[in-house]
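Asker:
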Amino acid sequence: TPGGARFTVRPERNDTDAQKEEENPNRSSFSNRLGGSDLRFLRDNFEAMGDVYANRGSKKAVPTNNSAMTPTYTASKRISAKKSMQSLVDDLAAVTDVQAKDDGGMARLLVFFRQDADRRAEADAKRRH
Numbered sequence: 001t002p003g004g005a006r007f008t009v010r011p012e013r014n015d016t017d018a019q020k021e022e023e024n025p026n027r028s029s030f031s032n033r034l035g036g037s038d039l040r041f042l043r044d045n046f047e048a049m050g051d052v053y054a055n056r057g058s059k060k061a062v063p064t065n066n067s068a069m070t071p072t073y074t075a076s077k078r079i080s081a082k083k084s085m086q087s088l089v090d091d092l093a094a095v096t097d098v099q100a101k102d103d104g105g106m107a108r109l110l111v112f113f114r115q116d117a118d119r120r121a122e123a124d125a126k127r128r129h
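Here the sequence shown is numbered in full-length UniProt numbering, starting from 1 and rising by one per residue.
#1: Using a beta-carbon distance below 8 Å, is Ala-123 in contact with chain D?
#2: What number of angstroms, rounded off, separates the C-alpha of Gly-104 from the C-alpha of Val-98?
#3: I'd like to check one pair, Ser-28 with Ser-37: are the Cβ atoms closer than 8 Å?
#4: Just the Cα atoms here: how many angstroms apart are Ser-87 and Ala-81?
#5: Roughly how many angstroms separate the alpha carbons of Glu-22 and Asp-44, rounded to a whole number?
#6: List the endpoints of the continuous alpha helix (DSSP H) containing Gly-36.
#7: Using the three-state DSSP reduction, which class does Ser-28 fall into: helix, strand or coil?
#8: State yes or no: is the C-beta of Arg-33 within less than 8 Å of the C-beta of Val-9?
#9: Extract the residue ranges of the beta strand (DSSP E) inside the region 73–107, only unbroken runs of 3 or more that lie entirely within it.
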């Protein structure tokens with residue numbers, strides 16, 4: 001590359017590549033979608049080439065720092081989901097606190113209504129017989 005490091009295929013992967021070619025003879029190591037370049041070359045120099053090919057054909061400039069990037073649609077959805085989940089957890093904690101401070105008042109009320117309903121049912125049964 002002009003003014004930069006020279007990219008090459010790593011020789012230590014030649015044995016693995018040859019073995020994969022024997023296993024899959026119809027597999028191509030070139031891609032038409034990547035301009036016909038060798039995929040092994042891309043694999044071995046992926047991180048170094050990231051800066052060279054990062055913004056090719058893009059209308060927007062790539063921001064230099066990550067804080068300048070605006071969140072994507074999915075990231076903003078994830079953030080809003082976390083916020084709503086946290087508010088639900090807070091609401092649930094508030095309700096359980098109120099319920100714990102109730103001192104069984106609701107349970108006593110339910111028992112009272114159950115006994116009242118049983119008493120009325122017995123009174124109706126006595127009137128019928």
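All C-beta atoms, glycine included, are put in the ideal place defined by N, C-alpha and C. Everything numeric in this text was worked out from a predicted model, so none of it was measured.
Answerer: On the basis of the supplied data:
#1: Checking the listed chains, one finds no chain D in this structure; it contains a single protein chain.
#2: Looking at the two C-alpha atoms, the distance is approximately 11 Å.
#3: No, the pair does not count as a contact, with Cβ atoms beyond the cut-off.
#4: The straight-line gap from Cα to Cα measures roughly 10 Å.
#5: The alpha-carbon atoms of Glu-22 and Asp-44 are separated by roughly 20 Å.
#6: No alpha helix (DSSP H) holds Gly-36; DSSP gives it neither H nor E.
#7: Reduced to three states, the DSSP call for Ser-28 is coil.
#8: At least 8 Å separates the beta-carbon of Arg-33 from that of Val-9.
#9: Within the region 73–107, no complete beta strand (DSSP E) run reaches 3 residues.
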